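Some notes on the structure that comes next.
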DNA sequence: CATGCTGCTGTACGATCGTTCAACAACGTA
DNA sequence: TACGTTGTTGAACGATCGTACAGCAGCATG
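Chains as they are written, first to last, in the working numbering: chain A, 2 to 226; chain B, 2 to 226.
The structure is reproduced here in structure tokens:
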């Protein structure tokens, strides 16, 4: 019994600001995806996870698909934001920034079997949901920009010591460099996928080493003009 | 009117052997996955696609999950079988066999957006279905054996010209070779994924070239003992 | 303490899901 | 032609889905 004679009746629910509640529902959605996969994507499962009633979701989101799209947007921007923060936290050298990027890619919370499971469910929705496609395009752009920015930094530095004035516009990368960039992305994604599927096969540091070796050979080729 | 006075009444359905019907249902399942994604995985959608009634599926399969697992098994073995056939069709040189493997990997019917969509749905089921996990383990083994076989062939040939008798057991590959094999798988899968997501980004032949360059540098390192 | 706004609850509804099963009918066989 | 086997149909069942909505109740305000 507390605070004198005042009735200590516990409220049956707590009102929250729409913004906070929306965020909680988004996080509950992702948690359900981690736990139950595609079957976790039901209004009742999500509302139970969030500790609210079934009706609340449609009070904050026009329909289920909008909630899922919002969760996808959140999940994407968490990834890109985390990588970007890691890069900005690193030293100023282009090589150190690339290393920070790679290490963040092969670290929790990104390197996680549950996280892969969530991605896979979202990818499964991609083909048949315009909402998901829109979110994908919007966030993937940030990822590509981040990675491409680091690569051009690196290549500019690799070329610089040899000749002061560039022979061509630096925007038009030579075809093998374009291919090498494509290969780096593929290697990165492939290693990430492989580790999540079979975490015992290799250590994260080894994945970083493989990617760095690729980048290094790329720089050597660039230096050879 | 045909064949004289005999009633030409069209039968309402055609009886088929269980084996044939099962196969037809499996193919209808995959077709539904290509068309409708995860939402295509319903008894009614699949039976409509196969042109049969809703009850027939449970006559040939104990339940829906068993049908899906059978479809997954079929899909997997089609992939591995196709790759294996391409390898065996190739010339006898290890390098030619590897090239055939890579070219088959970056060709229809494997290199297809619809096919990726089907894979993604299956992967989404993986975590929460023991049936799918069992099928995955059984078929993935064949894929790994095929790829590893070609790599050991290649490396054995690369080492042979230099020293006749191997210094160590050829089974215990040196750590960087093991890593390189992991990297090749990642590069292969990553490029495949990337192409399916964005078919315009590069040509299949370029993907083959990237993988072959990786294999070549791997052979060079092996030759250096 | 009374009032109003609105976040929130929870029942209800129609649609669709996987599965069951009794009846039907195609087709080999006698 | 009649029969028996069995592949096949399709209605029906209970469960669960997403959504709607009328009313409850938390909390700031006066």
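Ideal Cβ positions, reconstructed from N, Cα and C, are used throughout, including at glycine. Values in this document were obtained by computation on a predicted structure and should not be read as measured data.
Since residue 107 (chain B) contacts residue 73 (chain B) with CB under 8 Å, what's their CB separation in whole angstroms?
Indexing the second chain from 1 puts residue 107 (chain B) at position 106. Indexing the second chain from 1 puts residue 73 (chain B) at position 72. About 23 Å; that fails the 8 Å criterion.
Does chain A have any CB closer than 8 Å to the CB of residue 32 (chain B)?
Looking up residue 32 (chain B) in the second chain gives position 31. No, because no Cβ of chain A sits closer than 8 Å to the Cβ of residue 32 (chain B).
For the 8 Å Cβ check, are there 3 or more pairs between the stretch 115–131 of chain A and the stretch 105–121 of chain B?
yes
Quick one: residues in its chain with C-beta nearer than 8 Å to the C-beta of residue 98 (chain B), no 5 flanking neighbours on either side, listed in chain order?
Indexing the second chain from 1 puts residue 98 (chain B) at position 97. Excluding sequence neighbours, residue 98 (chain B) sits near 88, 91, 92, 151 and 154.
How many angstroms separate the CA atom of residue 190 (chain B) from the CA atom of residue 49 (chain B)?
By 1-based counting over the second chain, the position of residue 190 (chain B) is 189. By 1-based counting over the second chain, the position of residue 49 (chain B) is 48. The straight-line gap from Cα to Cα measures roughly 34 Å.
Please return the same chain residues whose Cβ sits closer than 6 Å to the Cβ of residue 96 (chain B), not counting the five positions on each side in sequence.
The residue you call residue 96 (chain B) lines up with position 95 of the second chain. If we look at residue 96 (chain B) and ignore the five residues flanking it on each side, it has no Cβ neighbours.
Looking only at its chain, what residues have a beta carbon closer than 7 Å to the beta carbon of residue 12 (chain A), apart from the 5 residues adjacent to it on each side?
Counting from 1 along the first chain, the entry for residue 12 (chain A) is found at position 11. Taken in chain order, the list of residues that qualify is empty.
With 8 Å as the threshold, decide whether the Cβ of residue 8 (chain A) is near any Cβ in chain B.
Against the first chain, residue 8 (chain A) aligns to sequence position 7. Note that residue 8 (chain A) scores a pLDDT of 46, beneath 50, so its modelled location is shaky and nothing firm can be said.
Tell me which same chain residues have a C-beta within less than 7 Å of the C-beta of residue 80 (chain B), skipping the five on either side of it?
Here residue 80 (chain B) is taken as the residue at index 79 of the second chain, counted from 1. Once the five neighbours on either side are set aside, the close Cβ partners of residue 80 (chain B) are 111.
Give the secondary structure of residue 1 (chain A) by DSSP, where H, G and I count as helix, E and B as strand, and everything else as coil.
In the structure displayed, chain A extends from 2 to 226; residue 1 (chain A) sits before or after that span and is not available.
Out of curiosity, what's the CA-to-CA distance linking residue 3 (chain B) and residue 51 (chain B)?
Working through the second chain from its first residue, we reach residue 3 (chain B) at position 2. Working through the second chain from its first residue, we reach residue 51 (chain B) at position 50. With a pLDDT of only 37 at residue 3 (chain B), under the threshold of 50, the placement of this residue in the model should not be trusted, and no figure is reported.
Residue 211 (chain A) and residue 192 (chain A): beta carbons closer than 8 Å?
For this step, residue 211 (chain A) is matched to residue 210 along the first chain. For this step, residue 192 (chain A) is matched to residue 191 along the first chain. Their beta carbons are under 8 Å apart, which means residue 211 (chain A) touches residue 192 (chain A) by this criterion.
Evaluate the contact criterion for the stretch 212–221 of chain B versus the stretch 175–188 of chain B: three or more CB pairs, one atom per stretch, below 8 Å.
yes
Looking only at C-alpha atoms, which of A:37, A:158 and A:145 sits nearest to residue 78 (chain A)?
One-based indexing of the first chain puts residue 78 (chain A) at position 77. That would be A:145, whose Cα lies nearest to the Cα of residue 78 (chain A).
What does residue 128 (chain B) touch in chain A if you count any residue whose Cβ is under 7 Å from its own?
Stepping through the second chain from its first residue, residue 128 (chain B) is reached at position 127. Those are 38 and 118, listed as they occur along chain A.
Buried or exposed: where does residue 55 (chain B) fall if 16 or more other Cβ atoms within 10 Å of its Cβ makes it buried?
Within the second chain, numbered from 1, the residue matching residue 55 (chain B) stands at position 54. Result: exposed.
Buried or exposed: which applies to residue 82 (chain B), given that a residue is buried once 16 or more other Cβ atoms fall within 10 Å of its Cβ?
Translated into the one-based positions of the second chain, residue 82 (chain B) becomes position 81. Its Cβ having fewer than 16 others within 10 Å, residue 82 (chain B) is exposed.
List, in order along the chain, the chain B residues whose C-beta lies closer than 8 Å to that of residue 180 (chain A)?
Here residue 180 (chain A) refers to the residue found at position 179 of the first chain. Residues of chain B passing the Cβ test: 203, 207, 210 and 211.
Does DSSP put residue 89 (chain B) in a helix, a strand or coil?
In the second chain, counting from the first residue as 1, residue 89 (chain B) sits at position 88. Residue state, collapsed to three classes: helix.
Taking the straight line between their C-alpha atoms, what separation do you get for residue 62 (chain A) and residue 75 (chain A)?
The sequence position of residue 62 (chain A) within the first chain is 61, counting from 1. The sequence position of residue 75 (chain A) within the first chain is 74, counting from 1. Their backbone Cα atoms lie some 15 Å apart in a straight line.
Going by Cα to Cα distance, which pick from B:207, B:183, B:198 and B:215 is closest to residue 200 (chain A)?
Taking the first residue of the first chain as position 1, residue 200 (chain A) is located at position 199. Among B:207, B:183, B:198 and B:215, the Cα nearest to that of residue 200 (chain A) is on B:183.
Please determine, among B:65, B:187, B:84 and B:198, the residue with the shortest C-alpha to C-alpha distance to residue 133 (chain B).
Here residue 133 (chain B) corresponds to residue number 132 of the second chain, with the count starting at 1. Nearest to residue 133 (chain B) by alpha-carbon distance, out of B:65, B:187, B:84 and B:198, is B:65.
Pop quiz: residue 46 (chain A) and residue 37 (chain A) are said to be a contact at Cβ under 8 Å. What is the actual Cβ separation, rounded to whole angstroms?
In the first chain, the residue the question calls residue 46 (chain A) occupies position 45. In the first chain, the residue the question calls residue 37 (chain A) occupies position 36. Right, the Cβ-Cβ distance comes to about 7 Å (below 8 Å), so this counts as a contact.
How is the alpha helix (DSSP H) around residue 19 (chain B) delimited, first residue to last?
Within the second chain, the letter at position 18 stands for residue 19 (chain B). Counting along the chain, the alpha helix (DSSP H) containing residue 19 (chain B) begins and ends at 19–37.
Report yes if the C-beta distance between residue 159 (chain B) and residue 101 (chain B) is below 8 Å; otherwise report no.
Locating residue 159 (chain B) in the second chain gives position 158, where the first residue counts as 1. Locating residue 101 (chain B) in the second chain gives position 100, where the first residue counts as 1. Result no, Cβ atoms of residue 159 (chain B) and residue 101 (chain B) do not sit closer than 8 Å.
How would you label residue 15 (chain A), buried or exposed, when you count the other beta carbons within 10 angstroms and need 16 or more for buried?
If you number the first chain from 1, residue 15 (chain A) lands on position 14. Label assigned to residue 15 (chain A): exposed.
Comparing alpha-carbon positions, which option in B:19, B:139 and B:140 lies nearest residue 59 (chain B)?
Stepping through the second chain from its first residue, residue 59 (chain B) is reached at position 58. Closest by alpha carbon: B:19.
Check the C-beta distance from residue 104 (chain A) over to residue 129 (chain B) and give it rounded, since I have them as a contact under 8 Å.
Within the first chain, numbered from 1, the residue matching residue 104 (chain A) stands at position 103. Within the second chain, numbered from 1, the residue matching residue 129 (chain B) stands at position 128. Not quite, the Cβ-Cβ distance comes to about 31 Å (not below 8 Å), so this is no contact.
Does residue 4 (chain B) have its Cβ less than 8 Å from a Cβ in chain A?
On the second chain, residue 4 (chain B) is found 3 positions in, with the first residue counted as 1. Here residue 4 (chain B) scores only 37 on pLDDT, less than 50, and its place in the model should not be relied on; the value that follows carries that caveat. It does not: the Cβ of residue 4 (chain B) has no partner Cβ on chain A nearer than 8 Å.
Sorted by chain position, which residues of the same chain lie with C-beta nearer than 6 Å to residue 156 (chain B)'s C-beta, five sequence neighbours on each side aside?
Position 155 of the second chain, counting from 1, holds the residue named residue 156 (chain B). Within the same chain, residue 156 (chain B) has close Cβ partners 223.
What alpha helix (DSSP H) runs, 4 residues minimum, are completely inside the stretch 42–85 of chain A?
44–51 and 58–61
From residue 25 (chain B) to residue 148 (chain B), what does the alpha carbon distance come to, in whole angstroms?
Here residue 25 (chain B) refers to the residue found at position 24 when the second chain is read from its first residue. Here residue 148 (chain B) refers to the residue found at position 147 when the second chain is read from its first residue. Residue 148 (chain B) has its alpha-carbon roughly 31 Å from the corresponding atom of residue 25 (chain B).
Between which two residues does the alpha helix (DSSP H) carrying residue 102 (chain B) extend?
The residue you call residue 102 (chain B) lines up with position 101 of the second chain. That run of the alpha helix (DSSP H) goes 95–106.
Give the residues of chain B in contact with residue 145 (chain A), contact being defined as C-beta atoms less than 9 Å apart.
Against the first chain, residue 145 (chain A) aligns to sequence position 144. For residue 145 (chain A), there are no C-beta contacts with chain B under 9 Å, since the nearest C-beta of that chain is about 10 Å from it.
Between residue 44 (chain A) and residue 71 (chain A), is the Cβ-Cβ spacing less than 8 Å?
Residue numbering aside, residue 44 (chain A) sits at position 43 when the first chain is read from its first letter. Residue numbering aside, residue 71 (chain A) sits at position 70 when the first chain is read from its first letter. No, the Cβ-Cβ distance between residue 44 (chain A) and residue 71 (chain A) is not below 8 Å.
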